[in-house]
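Protein chains in written order, with this note's numbering: chain G, 94 to 493; chain P, 94 to 493; chain B, 999 to 1376; chain E, 999 to 1376.
Structure record follows, encoded as structure tokens.
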């Protein structure tokens, strides 16, 4: 892909990124700063990106995108990163740009697309997803939240849980049961509705790691427009399967944490010191640390291999890719446990005072990271997928 | 139990153990020596033990035992061990004294007991067991070997495998199908028959570790006496369940190998040397060695705890005991793998020449030990037993 | 386990019943959420004292029952099950052991009665860095005309904020790393020059950081003979490790019971999840770990009571094996409970957090693997 | 993996088909049982030479195709699948690498053509104890008037009985443990003073113990510059480790395929055993290990071809990760096959035995974990 494009992208960023933003931290809700000037600069930056169609660069221009290829999109984001900033829109749109949007592009009517996509692409409308329900867990298809059609549209009743950002979102994509008599997966539909209405209540969920973006969401005669049904009536299962594929993509392409921060071994030497021969003072930990670094490298080399194979059009890709969710989990969770062990009694802090910011963050990430093997297809579900879909082993049976 | 008994036992051994036998190695087939005098002394020793009823000391005197309590029996074997020898009869009787005998005592008719037990107790009759069949594996109840009754007695047809010592035994206890129409486990009977007859053929099985006591055994119109049916007709399943309990006992009470030989850590230091600070030169191995020694200690302390609890009449015993087969396997197999790692390229020898006897034995034991997790209730079967019978988890079901 | 005496059986059952009824995990949660900064409920501690638990290791002459470590361990295991917060471990076991092993009659006379009646909370102040390294003790005790002057820092001191007295490991000679030159002192928490700061740990229990600035104590404050404190300190530590292992065993066993119960009741895909073989096999493996660590803990407790020679080996064995069980068990507790296990509303998180604090206390698994190897001569 | 060139794809498919057809595990078994003492079948080796495999790393000027390590690794993986015995790894990869990295034009000219046409079998003689410790090299090379005199012992020399030449690591200065003072020599197997004894290993392959008694070689036998042989030796070893990792990957992958096939066909309790979830999850874990070690092996092979700076790290990574996979896989191969897996009649034992020999070759997992940590600066 052309060098000119890369140059033009860099140039545009140089011209449009407000200087005050360079290096300023942003999170899923925007810029992390009390400074009014910075906050205004952030709004300018978002607006300019949106105008440029770079909030969702690969989407068609008519829906707020820029019609770029994946390769070009990568160039754009690299250009922004190089300039020491980031593209906040995918975060501001919640589940919009990364999950609901791509699915809408495939399953939505032209009207639905023009109604919903631009708001996501501009980062002005935040979306959440109402999928899991209490006591359903990994068994998504067991959902009970119902939707019935009356003259004014859909009426929803039921409860969802783990709806990330529900308390801060304007719109919600929700999986509902529209046919009680059909088989589990055949009576489900995907509806889109506004969060700001009397029939919807949200309650934030406190996790073992403390505050969380997750909420319990209650629907009591909540309303959705008749034409906000995405995909076919009772065809919600195929819609959601596609949507979850987009989720998995956004997950597995995420870099492994320890590649970011100070190398684990450097941190270990800082906390434990070294022996006369320069090796880590704790020989037992040293071996396990080496093994972890190797497992991490193996995981990352596998991601790299899959990328190359995909470009080469190798069909084995999806098979190999099926291991990534679990290996990413193993690496990340083991990384956190090792960090705790390295920090010793300093790696047990809950509140500031006697602990460094790094130590406190480590503890929260360790706790939060326990979710990796539970959400987005639990560790066990992943293994079932590998053994059945990839290795072709039969369904689990009686006895044994 | 009385000190006098202990004293008298010691005295008897002192008087009756031929001096030439002290410290001489014996295996399952007798004394390991080419020296004629030693071999004769061995026969004397066996005969004296038999006459004393100490071949199966806890059995009633009328059946060739000595009517001792378990505690007294322990004293006897300790007395013999202390004198630097062993009681060969349980080995000479094959599966007789340890498994078939105890089961006969419970299920046998008086006639059957007097017919079969004395030969076992004297070590003059070796017994084998025909249980597993090809392609049945852990699923014992799927056996196909049939037995039909005609005027002269039972006629057996079929094939058994893994019959240990079949080629050297005079008698065999065999599990046969006596009712094809009944449910799997309800059509099975336990028969006893002589091995020396035209209808029986045995073929030794060569294992990955080399020669083995195991055989394939073929029954072609083989004959058993009508009154050599043990237990009820089609009641063989309860007989075999009891018999396998006796097997498990004899297994789990066996000491873990590394308590016998040179301590693993001493051997490791001999092969790997030590660092300046006196620790094992290979720090990585050192940690895993320490962990293994701890796992071994934990396993042995668990056996000790069960013994005490049993004496105390604690009911939890059986629950705890259910873990022993697998933990014994873990400890023994890990022990062998560590030995191989310690010996490095010297731990890879198949035949004499460049390797010490110890190194060659280590390799064979490593290979032979792979069977521990397969025979006598595989590792997986043991886990099923724990999860269902002990922890009360339901049968495995569809899906998941 | 050892066939218990009638008295031990009674105390074990009493403890199990009382803890479930009067000091369950829900009351620990209430304490945590009360944000009063209280590390335990006075009435809970009072009740334990009234039941005689605080005097179980103390001879009758000082008001104790002298029932030994196995009995004490049986109680600690029950406290561990419900995460019951109290100074029983730190003061009644560790503090009392220090006085019994190193104290002279005068010192025992002065403090043991208070330890028994609960008015004295005597805890060990040892670690100075983020790791457990007794021989690295650096806090200095300078000889003075009438005694010693202590200066330095301690951290991760259990019950450090509520303690009335500390057993302080200090250096009267040599440099950090030397096995010689370490001495033990009994110092009142109110002594001038001591500043204590609370460590807000994930398990919401009482841990403190102490700074000593020229804290003056007279010679009678020395526990045992000056300069040769490390051997006796190791004896105290082994008892601490074994007692802590008993508590950890209780914490892990409760986590196991919670998980097993969930496996039997929770349904997914229309089936009880315990019927999925992979989960059944994991439960079996955890059960095996539990039973084996239990064997180690009970053997270690008895070894102390019997004055066995191999207490150090058994202490490292017990702490390490139960540590392995609790580590895996606390992670499986969350994993098998899934989403609900991640919520603060459910108790799993409390057990996971407590598990890691216990693991880091008195030497983690790596520390004890290394120590076990050294004791085994390699 | 790297998108292969047409030529590489052709060779890979050719190797896969040829090995299955002409040199399957059954012919290795036949060789083992023949007890001829032959370590490989001459016609097998001849065929490989004719296909050009022996010259894959060698420049055209010496009759090779210079296709690089990735291509060579693709072939070794196929040989590993069927346990095909041949000097391809020891001579065409290790021996050739030694000449290419350390040899001068004259030495290359003298031996590489023979390596390519199969008449020369050049193998590395390094280990002297039961462990892989290059810097511990003790075999002495005393300077003489016209060259050197070698005395000492070597063991675990792959293809040691069939080799025509050895690359011998010897000490021209210093003492065992010194990184300085090691030199490499090319010595004909027939040289006076060399006595070789076959090592009857569990994998029934060709390994030998060599004793050198005043073996005289002239100065032209020195490979590279005397006294500074260790750095270049490490480069040779890294290529050996990576090539061996490729073979191990093949061995493990075949074991995986055998196991997966058994899981799909073997019935017990009236069901295909692969339907037992616990086994399914274990298969999934093994598959994950296989895919990850494959990523490491392929990355390492490419790194050598690209002259990347991190070849040492990748060599230890590949040998260690594939070692972990092969260790677990070879044990599961037996376990999942159950009784039949224990019989010599079935192939599982051949793979298990070969797996342990490969693990002990060129540094085991512990060796490479330690090396990886050292390379990573801790």
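The C-beta atom is built at its ideal place from N, Cα and C for all residues, glycine as well.
Please confirm if residue i has its CB atom under 8 angstroms from at least one CB of chain G.
| i | result |
| --- | --- |
| residue 376 of chain P | yes |
| residue 1001 of chain E | yes |
| residue 1282 of chain B | no |
| residue 1247 of chain E | no |
Report the option in the options whose CA atom is closest to the CA atom of residue i.
| i | options | result |
| --- | --- | --- |
| residue 1057 of chain B | B:1082, B:1027, B:1114 and B:1039 | B:1114 |
| residue 1330 of chain B | G:336, G:166, G:467 and G:441 | G:467 |
| residue 393 of chain G | E:1303, E:1130 and E:1292 | E:1292 |
| residue 280 of chain P | P:246, P:233 and P:296 | P:233 |
If you run the structure through DSSP and keep just helix, strand and coil, what is residue i?
| i | result |
| --- | --- |
| residue 1122 of chain B | strand |
| residue 1370 of chain B | helix |
| residue 260 of chain G | helix |
| residue 220 of chain G | strand |
| residue 1075 of chain E | helix |
| residue 288 of chain G | coil |
| residue 249 of chain G | strand |
| residue 1160 of chain B | coil |
| residue 347 of chain P | In this prediction, residue 347 of chain P scores a pLDDT of 40, lower than 50, which makes its location untrustworthy; the coordinate-derived value is nonetheless stated afterwards. The answer is coil: DSSP assigns residue 347 of chain P none of H, G, I, E or B. |
| residue 1098 of chain E | helix |
| residue 1087 of chain B | helix |
| residue 1183 of chain E | strand |
| residue 120 of chain P | strand |
| residue 468 of chain G | coil |
| residue 1141 of chain B | strand |
Should residue i be flagged as near chain P, meaning a C-beta pair shorter than 8 angstroms?
| i | result |
| --- | --- |
| residue 380 of chain G | yes |
| residue 1198 of chain E | yes |
| residue 1319 of chain B | yes |
| residue 1127 of chain B | no |
| residue 1336 of chain E | yes |
| residue 489 of chain G | yes |
My understanding is that residue i touches residue j, with C-beta atoms under 8 angstroms, so please give their C-beta distance in whole angstroms.
| i | j | result |
| --- | --- | --- |
| residue 1241 of chain B | residue 1091 of chain B | 4 angstroms |
| residue 238 of chain G | residue 269 of chain G | 5 angstroms |
| residue 324 of chain G | residue 200 of chain G | 4 angstroms |
| residue 241 of chain P | residue 264 of chain P | Between residue 264 of chain P and residue 241 of chain P the Cβ distance is about 21 angstroms, and since that is not below 8 angstroms, they are no contact. |
| residue 1284 of chain B | residue 1254 of chain B | 6 angstroms |
| residue 1371 of chain B | residue 359 of chain P | No, residue 1371 of chain B and residue 359 of chain P are not in contact; Cβ-Cβ is about 13 angstroms, not under 8 angstroms. |
Is the shortest distance between the beta-carbon of residue i and the beta-carbons of chain E less than 8 angstroms?
| i | result |
| --- | --- |
| residue 1254 of chain B | no |
| residue 231 of chain G | no |
| residue 256 of chain P | no |
Can you list the residues of chain D that residue i reaches, using a CB-CB cut of under 8 angstroms?
| i | result |
| --- | --- |
| residue 1259 of chain E | The structure shown contains no chain D; its protein chains are G, P, B and E. |
Should residue i be flagged as near chain B, meaning a C-beta pair shorter than 8 angstroms?
| i | result |
| --- | --- |
| residue 398 of chain P | yes |
Three or more C-beta pairs below 8 angstroms linking the segment 303 to 312 of chain P and the segment 255 to 262 of chain P: Touching, yes.
Segment contact, 8 angstroms Cβ cut-off, at least three pairs: the segment 1299 to 1317 of chain B with the segment 1333 to 1351 of chain B: no
At least 3 beta-carbon pairs within less than 8 angstroms: the segment 371 to 391 of chain G vs the segment 369 to 379 of chain P: yes
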